[in-house]
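Participant: Every letter in the sequence shown is one number past the one before it in our numbering, and letter 224, counting from 1, is 1416. Beta carbons are placed, not taken as given, at the ideal position from N, Cα and C, and that holds for glycine. All of these numbers come straight from a predicted model, not from anything done at the bench.
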Amino acid sequence: MSPTIIRNEVSIVRFSRNVDSLVPSATLALRARAKRMQAEGHSVIDLSAGEPSFATPAVATEAALRSIHDGRGTGYPPTPGVPELREAAARYVEETTAHPSEDAAVLVSAGVKQALFNLAYCLFEDGDEVLVPAPYWPTYLAVVELAGAAPVVVPTPWQRAFRIDLEELERLRTPRTRGLFLNSPANPSGHVYDRGLLEDLCAWAARNDIWILSDEIYRRLYYRGEAAPSVFDVPERSHKVVLLDGVSKTFSMPGWRIGFAVAPPELIGKASALQSQTTSGAAGPSQYAAAGVISSPERERIIAQFKEVLDRRRRAAVAGLRGIAGLDVAEPEGAIYLYVRLTDAEESAAAAESLLVDSGVACVPGEAFGTPGFLRLNYSVDDAELEEGIARIAAHFGG
Ligand code: PLP
1193 MSPTIIRNEV SIVRFSRNVD SLVPSATLAL RARAKRMQAE GHSVIDLSAG EPSFATPAVA
1253 TEAALRSIHD GRGTGYPPTP GVPELREAAA RYVEETTAHP SEDAAVLVSA GVKQALFNLA
1313 YCLFEDGDEV LVPAPYWPTY LAVVELAGAA PVVVPTPWQR AFRIDLEELE RLRTPRTRGL
1373 FLNSPANPSG HVYDRGLLED LCAWAARNDI WILSDEIYRR LYYRGEAAPS VFDVPERSHK
1433 VVLLDGVSKT FSMPGWRIGF AVAPPELIGK ASALQSQTTS GAAGPSQYAA AGVISSPERE
1493 RIIAQFKEVL DRRRRAAVAG LRGIAGLDVA EPEGAIYLYV RLTDAEESAA AAESLLVDSG
1553 VACVPGEAFG TPGFLRLNYS VDDAELEEGI ARIAAHFGG
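1. I believe ARG1370 touches LEU1315 by the beta-carbon criterion, under 8 angstroms. Please report the beta-carbon distance rounded to the nearest angstrom.
2. If you count every other CB in all the chains shown that lies within 10 Å of the CB of LEU1595, and 16 or more means buried, which is it?
3. Closer than 8 angstroms: is that where the CB of ALA1455 sits relative to any heavy atom of the ligand FMN?
4. Who's in the neighbourhood of the ligand PLP, going by beta-carbon under 6 angstroms from any heavy atom, listed in chain order?
5. According to DSSP, is TYR1414 part of a helix, a strand, or is it coil?
6. Give the secondary structure of THR1348 by DSSP, where H, G and I count as helix, E and B as strand, and everything else as coil.
7. What three-state label does DSSP hand GLU1577 in the structure shown?
8. Helix, strand or coil: which one does DSSP assign to ASN1310?
9. How big is the Cα-Cα spacing for ARG1199 and CYS1555?
10. In this structure, how does DSSP classify GLU1321 when only helix, strand and coil are distinguished?
11. Which residues does DSSP list as the beta-bridge partners of ILE1585?
12. Leaving out the 5 sequence neighbours to the left and right, which residues in its chain are closer than 7 angstroms to ASN1375 when beta-carbon positions are compared?
13. Once the 5 residues before and after ALA1339 are set aside, which same chain residues still bring their CB inside 7 angstroms of it?
14. Note down, one range per segment and in chain order, each alpha helix (DSSP H) of at least 4 residues found wholly within the stretch 1213-1244.
15. Does the distance from the CB of THR1271 to the CB of GLN1497 come in under 9 angstroms?
16. For LEU1393, which of GLU1360, GLU1523, GLY1417 and MET1445 has the nearest alpha-carbon?
17. Nearest to GLU1579 by CA position, among TYR1480, LEU1534, GLY1526 and LEU1513, is which residue?
18. Under three-state DSSP, which class holds ILE1404?
19. Going by C-alpha to C-alpha distance, which of LEU1364, TYR1332 and ALA1463 sits closest to VAL1454?
20. Residues in the same chain with beta-carbon distance under 7 angstroms from PRO1249, minus the five sequence neighbours each way, listed in chain order, please.
21. With H, G and I counted as helix, E and B as strand and the rest as coil, what does DSSP make of THR1535?
22. Have a look at LEU1239 and ALA1508 and give me their C-alpha separation to the nearest angstrom.
23. Consult DSSP for GLY1558 and reduce its assignment to one of helix, strand or coil.
24. If we call anything under 9 angstroms between Cβ atoms a contact, is GLY1526 one with ALA1378?
25. Span of the beta strand (DSSP E) holding PHE1452?
26. Tell me the rounded alpha-carbon separation between PRO1195 and ILE1204.
27. Three-state secondary structure (DSSP) at PRO1275?
28. Answer with buried or exposed for ASN1210, where buried requires no fewer than 16 other C-beta atoms within 10 angstroms of its C-beta.
29. Closest by CA to ALA1585, which one among ARG1412, VAL1521, ALA1281 and ALA1560?
30. Which one or two residues does DSSP pair with VAL1300 in a beta bridge?
31. Please report the distance separating the alpha-carbon of GLY1581 from that of PRO1524.
32. Per the DSSP calculation, PRO1330 is bridged to which residue(s)?
33. Would you check if the stretch 1565-1579 and the stretch 1415-1429 touch, i.e. whether three or more CB-CB distances between them fall below 8 angstroms?
34. If we count the other Cβ atoms within 10 Å of its Cβ and call it buried at 16 or more, is ALA1511 buried or exposed?
35. Taking DSSP as the reference, what is the three-state secondary structure of VAL1433?
Written as structure tokens, this is what we have:
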């Protein structure tokens, strides 16, 4: 018998309140649909996923294989992560930020996604409010809601490059505000917070006793320098500032599922306890793979090589779409996406659907990120695919 639990569209399961409003990740669902269409024989260029196209760096694969052969990676790992990776991540943050935390611990999880869930679950609860700037990566809303708290969306205007306005934050702050998510370089817009803004945000959060969860997974994919500014570049900040990073984007290793959080030891201890009762931690060989690449002398060369290719694709995508009537293309400073504004439409779900069905290009509509009227395109796909995708989009909109 099929394991399906939905019959005739009427659910036979009464779900708990914990997951009542939970929906699958829109980007993963779109990706699955694009793959299904490809399997059915349709020609689909998939620009929907948030996945760099590079192979895993050899140093990472070799480190994983060594850990399998010698047995270090195949037993239960310590719940918060193997010492090699926790130390490598701490050193990496130390080497790449101006004012790393002196009293902080590292938790390794199955991707930044799991680390975010753990932290949100440990920090927020029923009655709490957590500020999430839009456009946002949808998981921020989901993890806040799973913790029983309420996400409060902070609008940021595209006319000002999606910059957070402190007055807007202040307007939305209530006595129940407990947290603020930051994501720079941002998914989906690619915009980057400058150091001055991060200083202001840290000062504002400290004044109001608010946690900052800073998702810096794209920090090294920054096209104006080595690394985008980090909350750990801010010298004056409270201990309630958490940095999250991982290997999915910078090292093109999303399938290895490794992310980490750097936070006060007490918080890491509780998040690790939660992890010990849920997943027991991230997979051992993956942890050794991540430690291998993060602590490798080749690390910076690998990042520079990836970035050179990504930058070329970024420029090609911007150049290919600029000047097309109905599309407003801003040049992103970081990450791996173009966030294209539809100048004549308030919404973008229908445009994304028609682009997929009529012209065979999968992208994610801005509705998924809380800002209808935009299309998110991942430009970190192979060159030939990108060229074909851009040509199809240009033909689709340009007539
Ligand atoms: N944070 C942001 C902003 C992302 O865009 C993504 C993936 O798309 C993640 C986190 C997920 O990271 P991980 O693969 O480490 O779970």
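Facilitator: Let me spell this out:
1. For the purposes of this step, residue 1370 is identified with residue 178 of the sequence shown, where counting begins at 1. For the purposes of this step, residue 1315 is identified with residue 123 of the sequence shown, where counting begins at 1. Yes, ARG1370 and LEU1315 are in contact; Cβ-Cβ is about 7 angstroms, under 8 angstroms.
2. Lying before the first or after the last residue shown, residue 1595 is absent from the chain, which here runs from 1193 to 1591.
3. With respect to the ligand FMN, the structure offers nothing, as its ligand set consists of the ligand PLP.
4. Matched residues: GLY1242, GLY1303, VAL1304, LYS1305, TRP1329, ASN1375, ASN1379, ASP1407, ILE1409, GLY1438, SER1440, PRO1446 and GLY1451.
5. As a first step, residue 1414 is located in the sequence shown; it is residue number 222 there, counting from the start. TYR1414 falls in the strand class under three-state DSSP.
6. Indexing the sequence shown from 1 puts residue 1348 at position 156. In this structure, THR1348 counts as coil in the three-state DSSP scheme.
7. For the purposes of this step, residue 1577 is taken as residue 385 along the sequence shown, with counting starting at 1. Here GLU1577 sits in helix by DSSP.
8. Stepping through the sequence shown from its first residue, residue 1310 is reached at position 118. Note: ASN1310 maps to helix in three-state DSSP.
9. As a first step, residue 1199 is located in the sequence shown; it is residue number 7 there, counting from the start. As a first step, residue 1555 is located in the sequence shown; it is residue number 363 there, counting from the start. Bear in mind that a pLDDT of 48 at ARG1199, under 50, signals an unreliable position, so the number given afterwards is only what the model happens to contain. Distance between the alpha carbons of ARG1199 and CYS1555 is about 30 angstroms.
10. Translated into positions along the sequence shown, residue 1321 becomes position 129. Strand, per DSSP.
11. For the purposes of this step, residue 1585 is taken as residue 393 along the sequence shown, with counting starting at 1. In DSSP, ILE1585 forms no bridge with anything.
12. The residue given as residue 1375 occupies position 183 in the sequence shown. A distance below 7 angstroms between beta-carbons, with the five flanking residues on each side excluded, links ASN1375 to the following residues of its chain, in chain order: TRP1329 and ASP1407.
13. Taking the first residue of the sequence shown as position 1, residue 1339 is located at position 147. Cβ contact annotation for ALA1339 (same chain, cutoff 7 angstroms, sequence separation greater than five): ALA1312, TYR1313, PHE1316 and GLU1317, in chain order.
14. With a minimum length of 4 residues, the continuous alpha helix (DSSP H) runs that stay inside the stretch 1213-1244 are 1218-1231.
15. For the purposes of this step, residue 1271 is identified with residue 79 of the sequence shown, where counting begins at 1. For the purposes of this step, residue 1497 is identified with residue 305 of the sequence shown, where counting begins at 1. Note that the C-beta distance between THR1271 and GLN1497 is not below 9 angstroms.
16. Looking up residue 1393 in the sequence shown gives position 201. The option with the nearest alpha carbon to LEU1393 is GLU1360.
17. As a working note, residue 1579 is residue 387 in the sequence shown. When only C-alpha atoms are compared, the closest one is LEU1513.
18. Taking the first residue of the sequence shown as position 1, residue 1404 is located at position 212. Shown here, ILE1404 sits in a strand according to DSSP, grouped into three states.
19. Residue 1454 sits at position 262 when you count from the first residue of the sequence shown. It is ALA1463 whose Cα lies nearest to the Cα of VAL1454.
20. On the sequence shown, residue 1249 is found 57 positions in, with the first residue counted as 1. Within the same chain, PRO1249 has close Cβ partners PHE1443, VAL1485 and ILE1494.
21. Walking along the sequence shown from the start, residue 1535 turns up at place 343. In the structure shown, THR1535 sits in coil (DSSP, three-state: anything other than H, G, I, E or B).
22. Position 47 of the sequence shown, counted from the first residue, corresponds to residue 1239. Position 316 of the sequence shown, counted from the first residue, corresponds to residue 1508. Distance between the alpha carbons of LEU1239 and ALA1508 is about 14 angstroms.
23. For the purposes of this step, residue 1558 is taken as the residue at position 366 of the sequence shown. DSSP places GLY1558 in helix when its eight states are reduced to three.
24. Numbered from its first residue, the sequence shown carries residue 1526 at position 334. Numbered from its first residue, the sequence shown carries residue 1378 at position 186. Yes, these two residues count as a Cβ contact at 9 angstroms.
25. The residue labelled residue 1452 in the question sits at position 260 within the sequence shown. In this chain, the beta strand (DSSP E) harbouring PHE1452 covers 1451-1455.
26. In the sequence shown, counting from the first residue as 1, residue 1195 sits at position 3. In the sequence shown, counting from the first residue as 1, residue 1204 sits at position 12. Only weak support exists for where PRO1195 lies, its pLDDT of 44 falling under 50; the value from the coordinates is given anyway. If you draw a straight line from the Cα of PRO1195 to the Cα of ILE1204, it is about 13 angstroms long.
27. Working through the sequence shown from its first residue, we reach residue 1275 at position 83. The answer is helix: DSSP assigns PRO1275 an H, G or I state.
28. As a position in the sequence shown, residue 1210 is number 18, starting the count at 1. Counting Cβ neighbours within 10 Å, ASN1210 comes out exposed, since fewer than 16 surround it.
29. Counted from its first residue, the sequence shown places residue 1585 at position 393. Contrary to the premise, residue 1585 reads as Ile rather than Ala in this sequence. The option with the nearest alpha carbon to ILE1585 is VAL1521.
30. As a working mapping, residue 1300 is identified with position 108 in the sequence shown. Answer by DSSP bridge pairing, in chain order: PHE1452.
31. Numbered from 1 along the sequence shown, position 389 holds the residue referred to as residue 1581. Numbered from 1 along the sequence shown, position 332 holds the residue referred to as residue 1524. Going by the C-alpha atoms only, they are around 18 angstroms apart.
32. One-based indexing of the sequence shown puts residue 1330 at position 138. In DSSP, PRO1330 forms no bridge with anything.
33. No, the stretch 1415-1429 is not in contact with the stretch 1565-1579.
34. Here residue 1511 corresponds to residue number 319 of the sequence shown, with the count starting at 1. With fewer than 16 other Cβ atoms within 10 Å, it is exposed.
35. Walking along the sequence shown from the start, residue 1433 turns up at place 241. VAL1433 sits in a strand when the DSSP states are folded into three classes.
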